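Student: Which chain is which? The protein sequence lines are A and B, in order.
The numbering of the first sequence is the numbering used here, which starts it at 309 and goes up by one.
The numbering of the second sequence is the numbering used here, which starts it at 8 and goes up by one.
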Amino acid sequence: MRRLAEAALDRARELGAGHADFRFERLRSQDISLHDGKLDSARDGEDLGFAVRVVHDGTWGFAAGVDLTPDAAVRVAEQAVEVAKVSRPVNFEPVELADEPVYPDVTWVSAYDIDPFEVPDPEKIGLLTEWSERLLSADGVDHVDAALEQVLENKFYADLAGTITTQQRVRLHPLLTATSVDRASGSFETMQTLGPPVGRGWEYLTGTGWDWDAELAQIPEWLAEKMKAPSVDPGSYGLVIHPTNLWLTIHESIGHATELDRALGYEAAYAGTSFATFDKLGQLKYGSDIMNVTGDRTVEHGLSTIGYDDEGVRTQSWDIVRDGVLVGYQLDRRMAKLRGFGRSNGCAYADSSRHIPVQRMANVSVQPAPGGPSVDELISGVRRGIYIVGAKSWSIDMQRYNFQFTGQRFFRIEDGRLAGQLRDVAYQATTTEFWGSMEAVGGPETVLLGGAFNCGKAQPGQVAAVSHGCPVALFRGVNVLNTVREAGR
Amino acid sequence: MSPQETVERALALSKADGGVVVATERSEANLRWANNTLTTNGSMRSRSVAVISVVNGAAGTAAGVVERSAVTDDTLEDLVRASERAARDAGPADDAAPLVEPYETKDPWEDGPQETSIGVFSGFAPALGEAFRRAAGEQRLLFGFAEHVLETRYVGSSTGLRRRHTQPTGKVEVNGKSPDYSRSAWVGQSTRDFGDVDVHGLDSELGQRLGWAQRSIELPAGRYETILPPTAIADLMFYLYISAGARDAEEGRTVFSKPGGGTRIGEQLASAPVTLRSDPAEPGLECEPFSATTVSFGGLTSVFDNGYPLRSTDWIRSGVLADLIRTRAWAAKTGAEPAPMIDNLVLDAPDASASVDEMVARTERGLLLTCLWYIREVDPQTLLLTGLTRDGVYLVDGGEVTGAVNNFRWNESPVDLLGRLAEVGRSERCLPREWNDYFTRASMPTLRIPDFNMSTVSRAS
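1. For Asp96(B) and Pro428(A), which I take to be in contact (beta-carbon distance under 8 Å), what is that distance rounded to the nearest angstrom?
2. Identify every residue that forms a DSSP beta bridge with Met309(A).
3. According to DSSP, is Val384(A) helix, strand or coil?
4. Where Pro280(B) and Val449(A) are concerned, what is the direct C-alpha to C-alpha distance, given to the nearest angstrom?
5. What are the boundary residues of the beta strand (DSSP E) that includes Phe370(A)?
6. Starting from Pro133(B), trace the beta strand (DSSP E) in both directions and tell me its first and last residue.
7. Out of Asn48(B), Val58(B), Arg54(B), state which residue places its alpha-carbon closest to the alpha-carbon of Glu15(B).
8. Give a yes or no on whether the minimum CB-CB distance between Gly306(B) and chain A is below 9 Å.
9. If I'm right that Phe139(B) touches Thr44(B) with Cβ under 8 Å, what's the distance once you round it to whole angstroms?
10. Exposed or buried, which one is Lys22(B) when buried takes at least 16 other CB atoms within 10 Å?
11. By Cβ distance below 6 Å, which residues in the same chain neighbour Ala256(B) in space, the five residues on each side in sequence not counted?
12. So which residues of chain A does Trp322(B) contact, with C-beta pairs closer than 7 Å?
13. Tell me the rounded alpha-carbon separation between Ser597(A) and Pro227(B).
14. Alpha carbons only, please: which of Gly503(A), Ala316(A), Leu634(A), Ser660(A) is nearest the one belonging to Leu356(A)?
15. Can you round the beta-carbon distance between Gly369(A) and Ala406(A) to whole angstroms, since I take them to be within the 8 Å contact cut?
16. Whose C-alpha, out of Arg160(B), Leu307(B), Tyr188(B), Tyr401(B), is nearest the C-alpha of Ala576(A)?
17. Leaving out the 5 sequence neighbours to the left and right, which residues in its chain are closer than 6 Å to Gly603(A) when beta-carbon positions are compared?
18. Check the Cβ-Cβ distances between Tyr381(B) and every residue of chain A, and say whether any is below 9 Å.
19. Who are the neighbours of Lys113(B) on chain A, taking C-beta pairs under 8 Å?
20. Which ranges does the beta strand (DSSP E) cover as unbroken runs of at least 3 residues, wholly within the region 654-714 of chain A, from first to last along the chain?
21. Three-state secondary structure (DSSP) at Gln526(A)?
22. Look at Gln221(B) and Gly410(B) and say whether their C-beta atoms are less than 9 Å apart.
23. Tell me where the beta strand (DSSP E) around Met451(B) begins and ends.
24. Rounded to whole angstroms, how far is the Cβ of Gly744(A) from the Cβ of Asn553(A), which I believe are closer than 8 Å?
25. Quick one, which of Arg334(A), Thr557(A), Ser495(A) has its alpha-carbon nearest Thr261(B)'s?
26. Quick check: what's the CA-CA separation for Lys534(A) versus Ile422(A)?
27. Suppose you measure from the CA of Thr791(A) to the CA of His609(A); what does that come to, to the nearest Å?
28. Can you tell me where the beta strand (DSSP E) with Val449(A) in it begins and where it stops?
29. Assuming Val422(B) and Leu213(B) form a contact by the criterion Cβ under 8 Å, report the distance between their Cβ atoms to the nearest whole angstrom.
30. Counting only Cβ pairs nearer than 8 Å, list the residues of chain B close to Arg491(A).
31. Can a CB atom of chain A be found closer than 9 Å to the CB of Ile125(B)?
32. Taking only the alpha-carbon atoms, compute the straight-line gap between Ala699(A) and Leu756(A) and give it to the nearest angstrom.
33. Starting from the beta carbon of Ile694(A), find every residue of chain B whose beta carbon is closer than 8 Å, and list them in chain order.
34. Indicate the three-state DSSP secondary structure (helix, strand or coil) for Trp520(A) in the structure shown.
35. Look at the alpha carbon of Arg784(A) and the alpha carbon of Asn600(A), and state the distance between them as a whole number of angstroms.
36. List the residues of chain A that Lys184(B) touches, going by C-beta distances under 7 Å, in chain order.
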């Protein structure tokens, strides 16, 4: 790696690059899926390669290759400079990067106990089979789909300034879905496990960080109740939203909206822009006074957590919303320089050696209230409402105003008590109105770190894994739809 | 080691009961821009080798799939052995089927992989620079992306089957906005080689649409007569297509399941005689003519089906559901014919010849959309989808576009929409907006829906 890096960076310097970085990546992945307890698919992957990114005559140039020799690295560096030259006629904004201290030869490894790639496949498949059979044996469960995604990511980065980083992190996501089918009527419902994807090792599947046995034991009962549940009456409700649902609303309506590249139009043709434009920094009332949001790439087991980003910036944590007001953005080095932030907060990421780093999401989290209420205490304060658990369908517009979410379980709240499940629920709101309606946030004991493996952004499309922590929270007067009526039935 | 040598050597090294090797060489080049200037670019090459080992056991047949990039002569045997271990560890596969036997093909197996480079934009980039200057002079901002990919795939099987295909895939998307971002328009085009991309023409169309938006009109949520252009229909039909698995339908858990059991094949879905089909030989939309996959997925794809020849398949014929996506294993279980996924989609109707402009001209009052965005499933039972309108909703009054309307969140099922067709226009090659990361080969008509459900107003512009 180092020989390749040296060869590529030397060549880039010779060709006149003002900035050059070399990134070598190895991504090991394994996806296992079962259908009704039988193996549907097991695929092992190893994606290996390197990339050279240059700033030449004020223009980016990026190239990637797979032949792991110094000669090939030199050729890829030359290609990157060539790409910059071809692109120069359409570049009218010279690239400049925010300064960052040099980190000569640092290493970082994420927090995990057992490398999932060291666990024999029969043990993994056996566990998923046993879990599937447990669910299939319950009354009312007709089908079970089980999936396990695992990733081991190695990144090596070196740049002309002298920073060299070597990093490794692990993440995995188990997911089981039980389906109940009423053949006669043709209706069906599903219920998924809610254990979030995490930056942990195999220990996560054997009891560390999530109680899978307890959750699997309850799923058939929840599913049976959902099959018989009444359809929701659409209207305005108080919503108590569990972190297993709220993380996704945070992701879409705060996480993406506070990416500075979006706010500046860099994603306008694809992922979209943001209503939280730069001129509103320090002024925009994002939500109620109790709303406090942080960005970080440092929280233990977070999916976005890493020591140094893909531009050699040491990762940090910072405020995004304080007392309900927008006070910060997620940045990379170019964005930081463009808007005078002085330093990037370390959000550059590329999902493989084949892709150029872009600003990607940090772990964006809503903070709990010290000494705040429990779930039961929040529910007790609602006369007519819905308690929402688990995420399912999501959609939000290209400026992050208008969103619509569904969930796994919806419990009717009547006079401060849960009164059985509802079906066909979706909640729909505008971002600032929704967060402005947040009346209470739970205490630290209600916080959970949710997240996703599959956040998409950029062209060519890149995926990123990211976590979002939050407490349970109470929202007033949120518009609830009946999805069957929306379908015109 | 050439890809062909890699395939032959891996098959020779195999000690499994059977196997398939898929070697893929990919080259790509891209340019991306925003605010009338370049933002990112790239020229990338990648190479992967997937070894699928098949092991017969007392309980059934198992497959082990291991895929790696940067495979060399020295590391190939390790890859083959890893695949064999994976097969032995896996246990019986739900989608097991005999590997595809050889058949006659005209593939140029001996040919090397084809490559693209940043040079594919040698004519496009200067024209884009010119468009930037023109746009700046006319108070417009341009955003967008151009990409060209050449992927050559070699599939070899222990049965003796050999197949090779080079797939060119290209696209260009241009988004035009007013300086305050309040007006927005989009045009997109798929291409095989960028020789047919007219930057000036795309930019002119953006200019016309931004001109339409000089007058803005606020409309509330509700059901509107709506003209959906081919791009929007492509995104809706793609979702319908990937939801059309035979296995899940027969298990009673999709919109294509029949109450009481079975599927809705044979049922009239559409109110007009439309046909939805896939054909690897469709002119202008040519795609891989055989199955090639390194993952079995959800009853839609199977690694056992690698190399299976694809032929024109009607999914909906004259408005009637004609077939569902079916692996060979599921076909064998259910006594039906295999119907593998094919990488293109055509929706058309006999004698449908109207263009968008002609359909607009005979509209008393309605909405003309540009494209749909952030499409997600809300209810699989009806295939109810939600999403947003994007980059131009226009009010049509008295046969003319009279201004731009606010965006909406919509809730609709593509299956229900087919049952409410008021008019079908001529099918045209188009670029899906939402799904063009994965799916670029489509020909769709413009459709008129009398009562499209705009659920709420979106303030996004």
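Cβ coordinates follow ideal geometry from the N, Cα and C atoms, glycine included.
As the structure is a prediction and not an experimental result, all values here were calculated from the model.
Tutor: Put simply:
1. Rounded, the Cβ-Cβ distance is 7 Å, consistent with contact.
2. In the DSSP output, where bridge partners are listed per residue, Met309(A) has none listed.
3. Looking at Val384(A) - three-state DSSP - the assignment turns out to be helix.
4. The straight-line gap from Cα to Cα measures roughly 39 Å.
5. 367-373 is the span of the beta strand (DSSP E), which, as asked, contains Phe370(A).
6. It is not in any beta strand (DSSP E) - Pro133(B) instead sits in the alpha helix (DSSP H) that spans 131-144.
7. Of Asn48(B), Val58(B), Arg54(B), the residue nearest in Cα terms is Val58(B).
8. Interface residue, yes.
9. That pair is a contact at about 7 Å.
10. By the neighbour-count criterion, in which a residue is buried when 16 or more other Cβ atoms sit within 10 angstroms of its Cβ, Lys22(B) is exposed.
11. Excluding residues within five positions, the ones whose Cβ falls inside 6 Å are Phe263, Ser264, Thr270, Leu331.
12. Residues of chain A passing the Cβ test: none, with the nearest at roughly 21 Å.
13. Looking at the sequence shown, residue 597(A) is not Ser but Asp. Rounded to whole angstroms, Asp597(A) to Pro227(B) spans 31 Å at the Cα level.
14. The shortest C-alpha separation from Leu356(A) is found at Ser660(A).
15. Between Ala406(A) and Gly369(A) the Cβ distance is about 20 Å, and since that is not below 8 Å, they are no contact.
16. For the residues Arg160(B), Leu307(B), Tyr188(B), Tyr401(B), the minimum Cα distance to Ala576(A) belongs to Tyr188(B).
17. Apart from the 5 residues on each side of it in sequence, Gly603(A) sits with its Cβ closer than 6 Å to the Cβ of Trp626, Ile628, Gln638, Ala670, Val672 in its chain, given in chain order.
18. The Cβ of Tyr381(B) sits closer than 9 Å to at least one Cβ of chain A.
19. Under the 8 Å cutoff, chain A gives no residues; its nearest Cβ is about 30 Å from Lys113(B).
20. Correct list: 671-674, 692-704.
21. Helix at Gln526(A).
22. Yes, the Cβ-Cβ distance between Gln221(B) and Gly410(B) is below 9 Å.
23. Boundaries of the beta strand (DSSP E) around Met451(B): 449-451.
24. Between Asn553(A) and Gly744(A) the Cβ distance is about 19 Å, and since that is not below 8 Å, they are no contact.
25. The shortest C-alpha separation from Thr261(B) is found at Ser495(A).
26. The C-alpha of Ile422(A) is placed about 37 Å away from the C-alpha of Lys534(A).
27. Take the alpha-carbon of Thr791(A) and the one of His609(A): they are about 35 Å apart.
28. Run containing Val449(A): none; DSSP gives neither H nor E here.
29. At roughly 33 Å, the Cβ-Cβ gap does not stay under 8 Å, so Val422(B) and Leu213(B) are not in contact.
30. Near Arg491(A) (Cβ distances below 8 Å), the residues of chain B are Gly259, Pro266, Gly267, Gly268.
31. Closer than 9 Å to some Cβ of chain A, the Cβ of Ile125(B) qualifies, so yes.
32. If you take the alpha carbons of Ala699(A) and Leu756(A), they lie about 13 Å apart.
33. Close partners of Ile694(A) in chain B (Cβ separation under 8 Å) are lacking, with about 16 Å as the shortest Cβ gap.
34. In this structure, Trp520(A) counts as helix in the three-state DSSP scheme.
35. Cα-Cα distance, rounded: 18 Å.
36. Those within 7 Å of Lys184(B) in chain A are Ala576.
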